[in-house]
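Report on the structure given below.
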Amino acid sequence: MSGKETMRARERVETAIRHHQPDRMPIDLGMYTASGISAFAYHHLRAHLGLSTDRIELYEEVQCLARVDEDVLDRLHADCILLRPRAPVYRTWCPRGDYRFLVPEQYQPQLNERGEWVVTAGRQHMRMPPGGYFFDGDWIRLEDPWRDDVFPRYVAEAERLFKETDYFTAFKGLYPFFNSNMDYFCDMITDPETLIEKNRQLVQRELERAARFVRFLAPYVGAICLSGDLGSQQSPFCHPEDFGSVVLPYLKQVCDFIHQNSDTKVFMHSCGSIEPLLPLLIEAGIDIINPVQISATGMDAAALKRKYGDRIVFWGGGANTQQVLGIEPPKAVRDHVRTLVQTFKPGGGYVFCPVHNILGNVQPESILAAYEAAYEASFYEVTP
């Protein structure tokens, strides 16, 4: 490690996402629902660090993600924090063994005769198999942040984090103007007029939400997030021309409104092989892309940085969660992370985190190897 910290966390992230070089590369663990850690892995990480495991909060119910506490954020030199207000009432869920997680009172998994945990909401169902780490099936959400009885809690929490901490945070709440399913992408080819008409109707709703965000949340958060997968591991789900006609004009209207009325950056999560679509996302006004799936076709880290590094911020791509983290020994993880950091960090425009969430079976030694290597390699050379 060469260098010392001269910036506070929020200043560091804001500098990097404006494509300037901070004192060191910013680090994220758990600010977003694709930069987080499974509550199961988090349990073992806290135990390994000698920290208590009796108040682990599961804040995301499908992927079973943990709210990362400030004691762990500090230990791992993280600069970002989750924006998610606490639930009014919690209960304890014990999925198996020594795992004890705090969950919102309305989150009621039931154990069936096959040993599966099942969550039901109306006609929606999701299941966790015996020994599993997350739920499969429908994606059941307990809380809509735009609801009139919920949104003020987000505003209050954002203000608290801004005033009481130095962390950078973001709000997840925009619609990407497409759905991440194969039927939708087929309709882009066979029935684009219907999709375009739907997006025309949705623009007003999203602009109203953006105005609400600008008025109440933008003073306290650095980014507003939207999510939608645009690619498989081999290729994009749609042709750039189809994306350009069906999605881009409407997404751009909302991004333009946010940029014209605030200093907030627009953060997009999109998995897969999406390199051919990056120019269109940049044109639409996307400032930050996550999770940077470096194992997908055409997503080579060096090529992405060289071609797009001055036009879009890469938030992720710091460790291959499919083939390295949780698979290779800690030394190999360190070397892997160090190489990626040296590729992405020059000139700013990069925030470190692994490619997507840390899964439940990843050992704490590997997690620490990744984050320690990232921090050690994070400092920029100081020029006289």
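All the letters of the sequence shown, read from the start, carry residue numbers 2 to 385 under the numbering used here. By construction, the Cβ of each residue, glycine as well, lies at the ideal position given by its N, Cα and C atoms. This one's a predicted model, so the numbers in the text were calculated from it and none came from an experiment.
Residue pairing for Val120: DSSP places it in a beta bridge opposite Met127. Taken through DSSP and simplified to helix, strand or coil, Ile359 comes out as strand. By the CB criterion at 7 Å, Leu281 and Pro250 fall outside the cutoff. Ranked by Cα distance from Arg142, the options Tyr155, Pro131, Gly123 are led by Gly123.
Residues Pro365, Ile368 of the same chain have their beta carbon placed closer than 6 Å to that of Leu46, with the five preceding and five following residues left out of the count.
When Cβ pairs closer than 8 Å are counted between the two stretches, the segment 227-236 is seen to touch the segment 266-279, the count reaching three or more. From the listed residues Ile82, Lys306, Asp24, Phe353, the smallest Cα separation to Lys173 is found for Ile82.
For the pair Arg85 and Thr93, the CB atoms are not nearer than the 7 Å cut-off. For Val14, no beta strand (DSSP E) segment is defined; the enclosing uninterrupted segment is the alpha helix (DSSP H) at 10-17. At a Cβ-Cβ threshold of 7 Å, Leu66 and Gly37 count as neighbours. The C-beta distance from Val325 to Tyr351 rounds to 18 Å, too long to fall under 8 Å, and the pair is not in contact.
For Ala371, the closest C-alpha among the options Arg13, Leu30, Arg25 is that of Leu30. A direct Cα-Cα distance of roughly 6 Å separates Val156 from Leu218. For Cys226, the enclosing beta strand (DSSP E) begins and ends at 224-228. Residue Arg87 holds the alpha-carbon nearest to the alpha-carbon of Glu106 among Glu117, Arg87, Asn113. Using a 10 angstroms sphere on the CB of Gln294, the tally of other CB atoms reaches 16 or more, which defines it as buried. Nearest to Glu114 by C-alpha distance, out of Arg128, Leu103, Val104, is Arg128. Only residues of its own chain outside the window of five on either side were considered, and among them Gly4 have a CB closer than 8 Å to the CB of Val383, listed in chain order. In the structure shown, the three-state DSSP call for Asp137 is strand. Its chain contains Ala375, Ala378 as the residues whose beta carbon lies nearer than 6 Å to that of Val342, once the 5 sequence neighbours on both sides are disregarded; these appear in chain order. A Cβ-Cβ distance of about 7 Å is found for the pair Asp243 and Pro193, placing them in contact under the 8 Å criterion. By the criterion of a C-beta distance shorter than 7 Å, Arg339 is surrounded in its chain by Ala374, Ala378, once the five residues flanking it on both sides are discounted.
Residue pairing by DSSP puts Lys266 in a beta bridge opposite Ala224.
When DSSP states are grouped into helix, strand and coil, Cys187 belongs to the helix group. Per DSSP, Glu62 is not a residue of any beta strand (DSSP E), being assigned neither H nor E. In the DSSP annotation of this structure, the continuous segment of the alpha helix (DSSP H) that includes Arg201 starts and ends at 193-217. With 16 or more other Cβ atoms inside 10 Å of its own Cβ, Glu61 counts as buried. Between the alpha carbons of Gly223 and Ala10 lies a gap of roughly 12 Å. Counting other Cβ atoms within 10 Å of its Cβ, Leu305 reaches 16 or more and is therefore classed as buried.
Three or more Cβ pairs closer than 8 Å define a contact, and the segment 8-25 falls short of that threshold against the segment 179-192. In this structure, the beta-carbon distance from Ile283 to Arg312 falls below 7 Å.
Gln323 carries a coil assignment under DSSP once its states are collapsed to helix, strand and coil. Ranked by Cα distance from Asn200, the options Gly51, Leu227, Gln254 are led by Gln254.
Considered as a whole, the segment 237-284 harbours 266-270 as its complete beta strand (DSSP E) runs of no fewer than 3 residues, in chain order. When DSSP states are grouped into helix, strand and coil, Ser39 belongs to the strand group.
Taking the Cβ atoms as the reference, Val14 lies roughly 5 Å from Asp80, within the contact range of under 8 Å.
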